[in-house]
Amino acid sequence: MAKRSHPRRGSMAFSPRKRAKRPFGHVKSWPKTEASEVRIQGFAGWKAGMTHVLARDLNPRSPSAGQEKRIPVTVVECPKMRVLGVR
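According to this note's numbering, the sequence shown holds residues -3 to 83 in order.
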């Protein structure tokens, strides 16, 4: 007789598994700022992957001072954007 139980298929982090309503995203929250302050309110981008860079350690108190270090970095992919409003 076959086994009736089985492990979960897919991650609960991507739930519900269904097609998106529209092919582009939107900003869900905006920062609260003063009216006199000029700054970027929102920025559209998503994580495309990770890589590493070689950088020289400039901290003189570090045990690896002056040496090259491998540092992990995140690659953020951004679509073409237009300015829609300025506060």
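Using N, Cα and C, we set each Cβ at its ideal position, and we do this for glycine too.
On a predicted model such as this, the values are computed, not experimentally measured, just so you know.
Query, Result
"Residues sharing a beta bridge with Glu64, DSSP", "Arg52"
"Rounded Cβ spacing between Gly62 and Ala40 (contact assumed at less than 8 angstroms)", "Actually they do not touch by this definition, with Cβ atoms about 39 angstroms apart."
"Segment contact, 8 angstroms Cβ cut-off, at least three pairs: the segment 27 to 46 with the segment 65 to 78", "yes"
"Per DSSP, cross-strand counterpart(s) of Met46", "Thr70"
"Of the residues Arg35, Glu33, Arg66, Leu54, the one placed nearest His48, counting alpha carbons only", "Arg66"
"C-beta atoms of Met46 and Thr70 nearer than 8 angstroms", "yes"
"Ala9 - DSSP class collapsed to helix/strand/coil", "helix"
"Supposed close pair Glu64, Leu54 - CB separation, criterion 8 angstroms", "That pair is no contact at about 11 angstroms."
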